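559 is the number that UniProt numbering gives to position 559 of the sequence shown; each next residue is one higher, with no gaps.
First up is the structure itself, then whatever we jot down about it.
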Amino acid sequence: MEKVDADVHQFDILDGSPLYVNPKQFHRIIKRRVARQKAREATVGATYSQDAPANDSQGASSWASSGGDSYHASEPSVDEARTELRLPFRKYGDERDKDGDTLSIESHSIKPFKPERHSSDWPYSCKYFVPELMNAEGATSLLKGDAEFLPAESNTSECFTVVDLTETGPHSFVLSPTDSQFDERLRMTDLSHGSTRIIFVSQKRLCLKNYTTSRYGLQHSTWLRILSSGDIPPDAVQLIHENNGCRGSHTSFCSDVRSIPCRTKASSNKLWETLCAYHIWLKPRPWWNEEHFVYARHDFHSTRKLLLVVGTSLDAQRQRVLSQFRSVTQPHLFSVLLALTTTWTKDLEEFVWEQDFSTQRLESDTGWSTVGHTQLKPLPREKLALRKDVIFTKDALSHALRASESFDELFTFLSKEIHSIPLDCYKVKLRSDQLKDAFLQQSCKQWHQKSQAQGLMERLDTQWKIVSALMAQHNNSLNYQIATDSRVDTVIMRRISFVTIAFLPATFLATFFSMSFFHVTSDDLAASPAIWIYVACVVPLTLAIAWQSSTRGLSAVRWATSKLRRRTPKKSVFFED
Numbered sequence: 001m002e003k004v005d006a007d008v009h010q011f012d013i014l015d016g017s018p019l020y021v022n023p024k025q026f027h028r029i030i031k032r033r034v035a036r037q038k039a040r041e042a043t044v045g046a047t048y049s050q051d052a053p054a055n056d057s058q059g060a061s062s063w064a065s066s067g068g069d070s071y072h073a074s075e076p077s078v079d080e081a082r083t084e085l086r087l088p089f090r091k092y093g094d095e096r097d098k099d100g101d102t103l104s105i106e107s108h109s110i111k112p113f114k115p116e117r118h119s120s121d122w123p124y125s126c127k128y129f130v131p132e133l134m135n136a137e138g139a140t141s142l143l144k145g146d147a148e149f150l151p152a153e154s155n156t157s158e159c160f161t162v163v164d165l166t167e168t169g170p171h172s173f174v175l176s177p178t179d180s181q182f183d184e185r186l187r188m189t190d191l192s193h194g195s196t197r198i199i200f201v202s203q204k205r206l207c208l209k210n211y212t213t214s215r216y217g218l219q220h221s222t223w224l225r226i227l228s229s230g231d232i233p234p235d236a237v238q239l240i241h242e243n244n245g246c247r248g249s250h251t252s253f254c255s256d257v258r259s260i261p262c263r264t265k266a267s268s269n270k271l272w273e274t275l276c277a278y279h280i281w282l283k284p285r286p287w288w289n290e291e292h293f294v295y296a297r298h299d300f301h302s303t304r305k306l307l308l309v310v311g312t313s314l315d316a317q318r319q320r321v322l323s324q325f326r327s328v329t330q331p332h333l334f335s336v337l338l339a340l341t342t343t344w345t346k347d348l349e350e351f352v353w354e355q356d357f358s359t360q361r362l363e364s365d366t367g368w369s370t371v372g373h374t375q376l377k378p379l380p381r382e383k384l385a386l387r388k389d390v391i392f393t394k395d396a397l398s399h400a401l402r403a404s405e406s407f408d409e410l411f412t413f414l415s416k417e418i419h420s421i422p423l424d425c426y427k428v429k430l431r432s433d434q435l436k437d438a439f440l441q442q443s444c445k446q447w448h449q450k451s452q453a454q455g456l457m458e459r460l461d462t463q464w465k466i467v468s469a470l471m472a473q474h475n476n477s478l479n480y481q482i483a484t485d486s487r488v489d490t491v492i493m494r495r496i497s498f499v500t501i502a503f504l505p506a507t508f509l510a511t512f513f514s515m516s517f518f519h520v521t522s523d524d525l526a527a528s529p530a531i532w533i534y535v536a537c538v539v540p541l542t543l544a545i546a547w548q549s550s551t552r553g554l555s556a557v558r559w560a561t562s563k564l565r566r567r568t569p570k571k572s573v574f575f576e577d
């Protein structure tokens, strides 16, 4: 290691920390850094050519925007900018030190590797992608295995609605992939400072018999173009396929931007700690046929906002945005999120009221209610099959209950995230406390809506018990009627048996001896001389049959009594009388 020259100057560069620089030694350090950087670029270039030999515009390292945001232009790399910030020498000039040595690193400028961006490189081409935090493979696997798109040969038009909130006011238009400015509009290069662009894409999760999938209203290639040109991070796309609802946020710093250093430098912060963009994504738990998702981004340099709204009921959300921000030129990002989320909660509130009316109808049918309907007659026995309707309504309320809990969490989360974007970025007379109060009010409404759903479920539980009790009473009445009819039948059978016992022996003897004991004429009833046989045989046989029948009946009673005694548990020895 070389010794530091004695004539080295001391500079106060960052945070008041002294830095001793030897120009000759620093020149050798710069050469080594440049050599390592060129070696890394050669490795990246070789990998890029292997991954996409037929298309030079593709590659996992395609991080630079072809159109480019006017605020992420071709500037020196982040390492060079940091070095320039630390050095007392100008990067492009001949400023001499105390001994007259010249230091210039202009010949060692590092040109970053910038192949043309392609949609197939997403999410690696996203300039906000952070490999240490975001799961790229998870997002791509979901698009392959958990999504359905329009076929490539489909004749269905791929048009989706876009709303711009600019200084001239809000306006809506339809964007098609065949538009020549499709990618440029997704990059928002045509918007002025502080403008907002909202993109609406149709999507709905289908639950089929053997599998479930998320169906989009456009082709796979078009969806990738939206994600790539709009620089949507992969974590937000994963949340679209989440079926339980979730929320998240991410702050991108200038040092995180993929090979496109930011031009803007904050005087109060270090370059690698300067804020670049704020991301937030929200998805409440889906309920019934409703599913909603929004990804929002605020660029701290251009103050442009991008919102990607995916799900159902898109037309209602578009109309809400156009009507609410008709006179607002640059709305706050969280104001737009408030308008969208309150549209979602309105649909949920209507759904809960539908289940409330269904609960009242069930209470009217049974005639028993905790809130009234006492003047109605009880439900007839032939209309007691209401448990299916009760289960159907209770299942719908369980969906609404979980959705209300999810919205409560979302509004609480939004009320805490408001301070992530300073209000001095907007030309609006609005304070963060006002937005926070608005979100807390919506959170309170969701809490009470959740209580309403829980109360309806308790009322349905009461109706379930009432219907079950009425059905049990009805079944007991039927069993009692069956037992009464069986007793009558038993008495009749006993009488038939008595007649059979009395006449069967006589019939048997008369048939066996081929004789008749009585002769009936028109004038008189004459008995046969062999009538003694009837008295000697028939009477004993009749008595024997009667005795046999009574004996068998007593045996059956004794057998049942013995069985009951055997099943009676014995008294435990651990308990005393």
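For every residue, glycine included, the Cβ atom is placed at its ideal position computed from N, Cα and C.
Note that this is a predicted model, so its numbers are computed, not measured.
Counting only residues of its own chain and dropping the five nearest sequence neighbours on each side, Val130 has a CB closer than 7 angstroms to the CB of Asp256. Cβ atoms of His279 and Ser323 stay farther apart than 8 angstroms, at about 27 angstroms. Collapsing the DSSP output to three states places Pro123 in coil.
Leaving aside the five residues that flank Ser157 on each side, the residues in its chain whose CB is nearer than 8 angstroms to its CB run, in chain order, Ser176. Closest in C-alpha terms to Leu340, from the list Leu541, Ala316, Glu409, comes Ala316. For Lys388, the uninterrupted alpha helix (DSSP H) run begins and ends at 387-417, by DSSP.
With contacts defined as CB atoms closer than 9 angstroms, Phe173 and Arg318 fail to qualify as a contacting pair. The three-state secondary structure of Ser202, taken from DSSP, is strand. Taking C-beta atoms as the reference points, Phe334 and Ile421 count as a pair closer than 9 angstroms. Apart from the 5 residues on each side of it in sequence, Trp447 sits with its Cβ closer than 6 angstroms to the Cβ of Asp408 in its chain, given in chain order. Of the other Cβ atoms in all chains shown, 16 or more fall within 10 Å of the Cβ of Pro233; this residue is therefore buried. Of all C-beta pairs linking the stretch 135-145 to the stretch 282-300, fewer than three are shorter than 8 angstroms, placing the two stretches out of contact. Here Ser172 carries a strand assignment [DSSP, helix/strand/coil]. Between Thr345 and Lys445, the CB-CB gap stays under 9 angstroms. Around the C-beta of Gly194, 16 or more other C-beta atoms lie within 10 Å, and the residue is accordingly described as buried.
Between Phe160 and Leu218, the C-beta spacing is below 9 angstroms.
In the DSSP assignment, Leu191 falls outside any beta strand (DSSP E), carrying neither H nor E.
Taken atom to atom, the span from the alpha-carbon of Cys126 to that of His220 is near 17 angstroms.
Annotation for Asp347: the continuous alpha helix (DSSP H) segment containing it runs 333-366.
When only Cα atoms are considered, Pro151 and Met457 end up about 43 angstroms apart. Taking C-alpha positions only, Gly311 is separated from Pro170 by approximately 22 angstroms.
Look at Asp485 here: in three-state DSSP terms it is helix. In the DSSP assignment, Glu148 falls within the beta strand (DSSP E) that extends over 147-150. Per DSSP, reduced to three states, the secondary structure at Arg215 is strand. If you look at His250, you'll find it isn't in any alpha helix (DSSP H); it sits in the beta strand (DSSP E) that goes 246-253. Non-local beta-carbon contacts of Val390 in its own chain, meaning distances under 8 angstroms to residues more than five positions away in sequence, involve Leu362, Leu460, Gln463, Trp464, Val467 in chain order. In this structure His298 does not touch Leu435 by the C-beta definition: roughly 14 angstroms separates them, more than the 8 angstroms allowed. Straight across, the Cα-Cα distance linking Asp347 with Lys450 is about 14 angstroms.
Annotation for Val309: the continuous beta strand (DSSP E) segment containing it runs 305-311.
In the three-state scheme derived from DSSP, where H, G and I count as helix and E and B as strand, Arg197 is classed as strand. Judged by DSSP secondary structure, His519 falls within the beta strand (DSSP E) whose first and last residues are 518-520. Going by beta carbons, Asp231 and Arg185 fall outside the 9 angstroms limit. In the same chain as Val321, and ignoring 5 residues on each side of it, the C-beta atoms closer than 8 angstroms to its own belong to Val163, Leu165, Pro170, Ile198, Val336, Ala339, Leu340, in chain order. Between Val309 and the set Ile496, His301, Phe149, Phe293, the nearest pair of CA atoms involves Phe293. Scanning Gly248, Leu275, Thr329, Cys254 for the CA closest to the CA of Ala296 turns up Gly248.
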